[in-house]
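K.L.:
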Amino acid sequence: MRHFTKLIITFVFAFAMQYGYAQFLQPAEKKMDVDDKVTPAWVLAVDESEDDLRESIIDYTKDELGVKLKKGRNGLLIAKEAKVPSITSYTGDLKVLLSQVQDQTQVAVAFMPGYDISLNSDDYPDEMEQLRNYTRSMLKYHMVNELQVTIKDDEKRLKNLEKDLKRNQREYRKLDKSAARMQKKINSDKTDENEKFDLSNDQEAAEDRMNTLMAAKDELDDEIAKMNEKIQVSQEDINYIENQFVERKASVRTEEVEDEEVEYKP
23 MRHFTKLIIT FVFAFAMQYG YAQFLQPAEK KMDVDDKVTP AWVLAVDESE DDLRESIIDY
83 TKDELGVKLK KGRNGLLIAK EAKVPSITSY TGDLKVLLSQ VQDQTQVAVA FMPGYDISLN
143 SDDYPDEMEQ LRNYTRSMLK YHMVNELQVT IKDDEKRLKN LEKDLKRNQR EYRKLDKSAA
203 RMQKKINSDK TDENEKFDLS NDQEAAEDRM NTLMAAKDEL DDEIAKMNEK IQVSQEDINY
263 IENQFVERKA SVRTEEVEDE EVEYKP
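In our numbering, the protein residues as written are 23 to 288.
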């Protein structure tokens, strides 16, 4: 029964992880009001903090595209008259709009080469595909980076726990040897009764301390095991994101063809 319950929990966790991480792989092209202009954009919603996501998007765009996004009003990030060869040969405004939709952060990404011109899949299919890749990549970057920070913090905590465990074991061994020596003296005919009495008290104190150390060791062992498992799960999450990102690339165009008859809705 215990094993069956563990399998159920593992299945539910795996399903939830896949459902959650699949979000950033499937942006939808919609018409959105971005910076007081209705424009086609890649749109998706994720379970991420808006503030953390904003900083990640700024960092990723600067590092990967060489473009500096500036914070505008109402959740807008914008780079005016930007040159982004990896997306398009046109110079234009790269816009990323973050907004709260229920309990999620909605991300809308658009590129406007002119005031009344926006990249879209009908007129600029190749450029729009590259803009989609940018949208997916920046979210992948955020999710992986967040997990890497978590792993780093957890590894630091694990290292401290392991140090505590080693100190615990050293003290226990020292007390164990001391208690054995005291017991040997207590059993010796050469030891007088007064000294035996003192030795017995010291031995009892040593054994009490050893019992305390044993209890602490059990707690440390348990916490170390949990921390190792947590780090392993985080690393598996990173691997899952990386694999899903690669595997989904081949099906992106197919999805767009299947959805091309869907009417834009602001």
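Cβ atoms here follow ideal geometry from the backbone N, Cα and C, with glycine treated the same way.
Taking DSSP as the reference, what is the three-state secondary structure of P147?
P.N.:
helix
K.L.:
With 16 as the cutoff for other CB atoms within 10 Å, does V65 come out buried or exposed?
P.N.:
buried
K.L.:
Are there three or more Cβ pairs, one per stretch, closer than 8 Å when the stretch 157-164 is compared with the stretch 134-141?
P.N.:
no
K.L.:
With a 10 Å radius around its C-beta and 16 neighbouring C-beta atoms as the bar for buried, classify M236 as buried or exposed.
P.N.:
exposed
K.L.:
Secondary structure at S78, three-state DSSP: helix, strand or coil?
P.N.:
helix
K.L.:
Give the single residue among V56, A247, N216 whose Cα lies nearest to the Cα of L116.
P.N.:
Closest in C-alpha terms to L116, from the list V56, A247, N216, comes V56.
K.L.:
So the candidates are N182, S71, I260, L98; which of them puts its Cα closest to the Cα of L120?
P.N.:
L98
K.L.:
Strictly by DSSP, which residues pair up with G88?
P.N.:
Beta-bridge pairing links G88 to no other residue.
K.L.:
At which residues does the beta strand (DSSP E) containing L66 begin and terminate?
P.N.:
60-68
K.L.:
For F267, is the classification buried or exposed, using 16 other Cβ atoms within 10 angstroms of its Cβ as the cut-off for buried?
P.N.:
buried
K.L.:
Could you check what DSSP says for Q126 in three-state terms: helix, strand or coil?
P.N.:
strand
K.L.:
Which word fits D240, buried or exposed, when buried means at least 16 other C-beta atoms lie within 10 angstroms of its C-beta?
P.N.:
exposed
K.L.:
In or out: S78 buried (at least 16 other Cβ within 10 Å) or exposed?
P.N.:
buried
K.L.:
Going by the DSSP bridge assignment, what does K93 pair with across the sheet?
P.N.:
K93 pairs with L99.
K.L.:
Measuring only the C-alpha atoms, how far is K248 from R203?
P.N.:
37 Å
K.L.:
What span of residues does the beta strand (DSSP E) with K53 cover, start to end?
P.N.:
Bounds of the beta strand (DSSP E) holding K53 are 50-55.
K.L.:
Going by the C-beta, is R195 closer than 8 Å to any heavy atom of the ligand ATP?
P.N.:
Ligands in the displayed structure: none, and consequently the ligand ATP is not present.
K.L.:
Rounded to the nearest angstrom, how far is the Cβ of V118 from that of V129, given a contact under 8 Å?
P.N.:
7 Å
K.L.:
Can you give me the C-alpha to C-alpha distance between I263 and V166, rounded to a whole angstrom?
P.N.:
Answer to the nearest angstrom: the Cα atoms are 7 Å apart.
K.L.:
For K206 versus E217, is the C-beta distance shorter than 9 Å?
P.N.:
no
K.L.:
Verify whether the separation of the beta carbon atoms of T127 and E72 is less than 9 Å.
P.N.:
yes
K.L.:
Specify the secondary structure class of S159 as computed by DSSP and reduced to three states.
P.N.:
Helix, per DSSP.
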